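Protein chains in written order, with the numbering used here: chain A, 1 to 109; chain B, 1001 to 1109.
In this text, a Cβ means the ideal position worked out from N, Cα and C, and glycines have one as well.
Because the structure is a prediction, the values reported are computed rather than measured.
As structure tokens, the structure follows; a few thoughts come after it.
Protein chains: 2
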Amino acid sequence: MLDFCVLLLLRRGPSYAADIILRLKEAELIVVEGTLYPLLSRLRRDGLLSYQWQESLQGPPRKYYSLTPDGLRVLDELDAAWEELARTVGLLKSAPPVLPAPGDVPIRL
Amino acid sequence: MLDFCVLLLLRRGPSYAADIILRLKEAELIVVEGTLYPLLSRLRRDGLLSYQWQESLQGPPRKYYSLTPDGLRVLDELDAAWEELARTVGLLKSAPPVLPAPGDVPIRL
DNA sequence: ATACGGTACTTTGTATTGCAAGGTATTTGG
DNA sequence: CCAAATACCTTGCAATACAAAGTACCGTAT
């Protein structure tokens, strides 16, 4: 899930950790440093992200992460998986409620 | 997620592990015994599920799990959380693509 | 110059969770 | 009485999210 959301965010364009956390928070997704930094490192190690150092106007330089072609491809797959999951949950939610079905075997203690 | 899906399934009525696995598989959710049994135990320990032993016509007796009032309440909360997540992902997905925004600071190497 | 506050990146330890694999028990059929 | 089928459970391992603490860089004020 988080991988998916981070990749979705980065599809808009390069960004760095603190900014990603901010943008996710705006979307009501609470993520902290200790979660995001290892996640970004892992996605980079897997070739889905790359980064460029970029100097900041104030403070230390930042690692701007962006999608690689592989990352974009994986994002498409995650997108399909998400749609599938949403469909599945929709199915489960629309299922008939507690009414006992005709063929149910009665529960004997 | 899995908690949510299992609770959704059990909202239809009591069921036991092997049957839950089957029904989830029909919904394209692959779950195995080693995952489900501890999950059911945990939900029961937390008071969201209860179970009754029920003899089977063929084979050993089964633990039929069903939602408790607490379980139904938590399910409603998870439902709200799911809707919120779906909304969030929808937002992230509908975000503008890679076009550089006007105010972007140019990347300097 | 240097000390401090703010920004950014990283690491370590812990709890949770999903899975593979293997184990126990009960029932039915040969 | 043994084997196959069904059902429940446990153990060990890998992945991941978090809290917390650590390191480093920058600009500013002393």
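Among the CB atoms of chain B, one or more fall inside 8 Å of the CB of Arg12/A. DSSP places Leu1067/B inside the beta strand (DSSP E), whose first and last residues are 1062-1067. Chain B places a beta carbon closer than 8 Å to that of Ala95/A, counting this residue as a contact. Residues of the region 79-92 of chain A with a Cβ closer than 9 Å to any Cβ of chain B, in chain order: Asp79, Trp82, Glu84, Leu85, Ala86, Arg87, Thr88, Val89, Leu91, Leu92.
Spatial neighbours of Arg1062/B in its own chain (CB-CB distance under 6 Å, excluding positions within 5 residues in sequence) are listed in chain order as Tyr1016, Gln1054, Ser1056. Contact annotation for Leu1009/B against chain A: Leu92, Ala95 [CB-CB distance below 9 Å, chain order]. Interface annotation, Leu48/A: not in contact with chain B, CB-CB separation never under 8 Å.
Residue environment: Pro14/A is assigned as buried (16 or more neighbouring CB atoms within 10 Å of its CB, all protein chains considered).
With respect to the C-alpha of Val1089/B, the residue from Ala81/A, Arg45/A, Asp70/A having the closest C-alpha is Ala81/A.
Close partners of Leu29/A in chain B (Cβ separation under 8 Å): Thr1088. With a threshold of 16 other beta carbon atoms within 10 Å, Gly34/A falls short and is exposed. For Leu10/A, the number of other beta carbons within 10 angstroms of its own is at least 16, and it is reported as buried. Taking the C-beta atoms as reference points, Tyr51/A is found no nearer than 8 Å to Tyr37/A. Excluding sequence positions up to five before and after Leu1024/B, its CB lies within less than 6 Å of the CB of Val1031, all in the same chain and listed in chain order. Ranked by Cα distance from Gly1047/B, the options Leu1002/B, Ala1095/B, Leu1092/B, Gly1071/B are led by Gly1071/B.
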